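Numbering-wise, the sequence shown is residues 3 to 591 according to our numbering.
Every residue gets a Cβ at the ideal spot worked out from N, C-alpha and C, and that includes glycine.
Remember, it's a predicted structure, so these values are computed and weren't measured experimentally.
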Amino acid sequence: MRMSTKMVVGYLFLIVLPFLIFSAFVYNQLYGRLVSQYQLTNQQNMEQQGTNLEARLSKIESLYSIYQNNSALLDFLRGDYVYDRDLIFSYLKEISPAFAFASLGEPMVEQLVVYPKIQDRLLSLKEFADYSELEGRLSAEEKAELLPARGLWKKTTNTDSEPSLVYYHKLYSETYTSELGIVEITVKSTIIDELMKALSVIHPKNTVILLNEEGTVFSSMRETQISSDLLRKIEVAVLNKQEDTFLVDDEKLMVNSAVVPRLGLTIIEINKQDTLFQFVKTKLWLAAVGIVLLGVLSLFYYLLLSSLTKRILLLSRHMRKVGLDDMGTPYSGKIGKDEIGFLLLNYNAMIRRIDELVNRVQKVELLKKDADFKMLQAQIQPHFLYNTLETMRMLARSNKDYKVADMAYSLGNLLRYSLTQTNDTTLQEELEHVKAYIAIHQIRIRELHFDLEVEEALLSLRCPRFILQPLLENSMIHGLANLRGQKRIAIRFKRVQESIEIQVMDNGEGIPEPKLSNLRMKLSGGSLNDIRFSTGTGIGLGNVVERVKAYYGHSSTMLVESGAGQGTTFTLILRKEEEIHHVEADDRG
């Protein structure tokens, strides 16, 4: 399989296909959560509207106490007024204002009438009516349900087929020993209309149905076309209290329900999902546009890939024609100014040089020149080596040899960092260098574990180069080399008051006490040149301490905690207040 084909297949299976699968999964999850969240929100809204209606009904019921506690009204109902002048005086002063307060205190009260049980005076007034008129409005069983602490709500329909609510409550004497009459509070039908409108504000095209306890429709507002059979199934499901919210008709309709206990009514709201989630369809169009865009970008990727691999394929064909006895002509295709062009230029230079050597010298001289050429290869510019390592990494990944690819990647980062000519860097770059160093060791040593705890705000602090790797190499060579079982190295960055502490810890053999005391003495002020804990980089602990003191000041230092068989902890304490405060200010923006 050609390299370009491998890269295209890898792109499809490693990027495009996972992207599409993940996008579909996320969309389904988000859509399901959106529907569930909407159902919950709509249910809470319905329950809130039901609670608001309950509160208004409770306020209307509270008007009863005004008349039960009106002594003048009770005296009239009991027949205590002998003279009409006393009755008229009490009516104008105390009874009539109480009736006027009903409409002022609660605008939803349409009419308030008292039915005296034993009194027949004042029946010509609109506030009073004959007790016998209740016969067609309240049955004997309903009258029996009226108790001192509980009234009765009746749901009726007026002449215009509009729903009406009427509240009845008995009036008693002050001692509640005798029944004096019944108060009737008629509520305006607009209280039901307001409930319907409140539910239609969020969903203008919904269907709202109010069901009695018997399952009959008390009131309804239908804006959605629903078959009578399906509507009846929904009503039965709600009355059986299966669920407060559910989906029907292949999840095209969403049903929510709530109960108004005072009236014995069940509120049912039915919404169409296609009208509720129009914006989801917009998301689908956006997803389609995203897929098309992905296809266009994939086409551009293929064209770019072809432009890169074409030169490599032509070069490989040219190399097959080259032999020891016939070098042929140099590569004559398009060179370019990128890394591949650099490889082609060096390849042509190599062909010319080899051809010159073959034609000018004998076999022995050719061998000598071959050795010189190998020595010359060791002096190739660093970025050529980086590009070669990157090519090796890409080839290893295409062959699914991920460990070789990771090792090549980490080695390239180590070399690039090591050959950088700057004197200082940031803790972020120093940490990335250490990660690459550890990654190579972890491939070689499987039982090596690396833990990292970093405060992100500290990573922008500038520091000398190579202050962490010597400490890690010291742990690897002197602490973990002879340790059997799990090997662990940890790095922790933290702020302690006005300084920054960097700890490098291992669970190795540790440092015995005599050697540890001597090391601490030299780190705290002795001759740093005598410290022999040198590492593979040639940079010892003494060198690290000297460079830290030179960079941050003499208040910076290194501490060491260890014990035989207890591991070792090196702590770098960096104190440079103006620099540290500058880092905090930058991090806060």
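- In the structure shown, Met110 adopts coil according to DSSP, grouped into three states.
- Each of Leu197, Thr424 and Lys172 was checked against the Cα of Gln51, and the nearest Cα belongs to Leu197.
- Cβ atoms of Lys243 and Lys274 stay farther apart than 8 Å, at about 24 Å.
- The stretch 467 to 515 is shown to contain whole alpha helix (DSSP H) runs of 4 or more residues at 471 to 476, in chain order.
- For Gly414, the uninterrupted alpha helix (DSSP H) segment begins and ends at Tyr404 to Ser420.
- Under the DSSP definition of a beta bridge, Lys156 partners with Val168.
- Here the stretch 415 to 431 lies against the stretch 461 to 473, with 3 or more beta-carbon pairs under 8 Å apart.
- The residue from Arg355, Ile447, Asn415 and Leu450 with its alpha-carbon nearest to that of His435 is Asn415.
- Cβ-Cβ distances below 6 Å link Phe495 to Val456, Glu457, Leu460 and Ile504 in the same chain, with the five nearest sequence neighbours on each side left out; the list follows chain order.
- Buried is the label assigned to Gln471, since at least 16 other Cβ atoms lie within 10 Å of its Cβ.
- Counting every other CB atom within 10 Å of its CB across the protein chains shown gives Tyr170 a total of 16 or more, marking it as buried.
- A distance below 6 Å between beta-carbons, with the five flanking residues on each side excluded, links Lys489 to the following residues of its chain, in chain order: Glu449, Leu450 and Leu482.
- Contact between the stretch 115 to 135 and the stretch 181 to 197 is present, with at least three C-beta pairs closer than 8 Å.
- If the five residues before and after Ala410 are omitted, its C-beta is found closer than 8 Å to the C-beta atoms of Leu391, Glu392, Met394, Arg395 and Ala398, all from its own chain and listed in chain order.
- Here the alpha carbon of Leu267 sits roughly 5 Å from the alpha carbon of Leu213.
- The three-state secondary structure of Tyr83, taken from DSSP, is coil.
- With a cutoff of 8 Å on beta-carbon distance, Phe452 and Ile442 are scored as not near each other.
- Looking at Ile293, Leu173 and Ile575, the one whose alpha-carbon comes closest to that of Gln70 is Leu173.
- Here Arg313 is buried: its Cβ has 16 or more other Cβ atoms, across all protein chains shown, within 10 Å.
- In terms of Cβ geometry, Val10 and Leu307 form a close pair [threshold 8 Å].
- Taking 4 residues as the minimum length, the alpha helix (DSSP H) runs contained wholly in the stretch 214 to 247 are 230 to 241, in order along the chain.
- Taking all protein chains in view, the Cβ of Ser564 is crowded by 16 or more other Cβ atoms within 10 Å, so the residue is classified as buried.
- Membership of Ala441 in the alpha helix (DSSP H) is indicated by the continuous run Leu429 to Arg446.
- Using a C-beta cut-off of 8 Å, the stretch 204 to 222 makes contact with the stretch 230 to 241, since at least three inter-stretch Cβ pairs fall below that distance.
- Sequence-distant partners of Ala100 (beyond 5 residues in either direction) whose C-beta falls short of 8 Å from its own C-beta, in its chain, are Ile68, Tyr69, Asn72 and Leu75.
- Between the C-alpha atoms of Lys128 and Val116 there is a straight-line separation of about 9 Å.
- For Asp195, the enclosing alpha helix (DSSP H) starts and ends at Thr192 to Ile204.
- Here Pro109 is exposed: its Cβ has fewer than 16 other Cβ atoms, across all protein chains shown, within 10 Å.
- For Glu181, the pairing in a beta bridge is given by DSSP as Tyr174.
- Val562 sits away from Ile469, with the two beta carbons spaced by 8 Å or more.
- If you draw a straight line from the Cα of Val550 to the Cα of Gly12, it is about 47 Å long.
- Here the alpha carbons of Leu167 and Leu233 stand approximately 25 Å from one another.
- An exposed status is given to Ser420, since fewer than 16 other beta-carbon atoms sit within 10 Å of its beta-carbon.
- Taking a C-beta distance under 8 Å as the contact criterion, Leu154 and Glu143 do not qualify as a contact pair.
- Between Glu271 and the set Leu241, Met48, Ile353 and Leu125, the nearest pair of CA atoms involves Met48.
- Distance from the Cα of Leu79 is smallest, within the candidate group Ile62, Ser64, Ile97 and Leu65, for Ile97.
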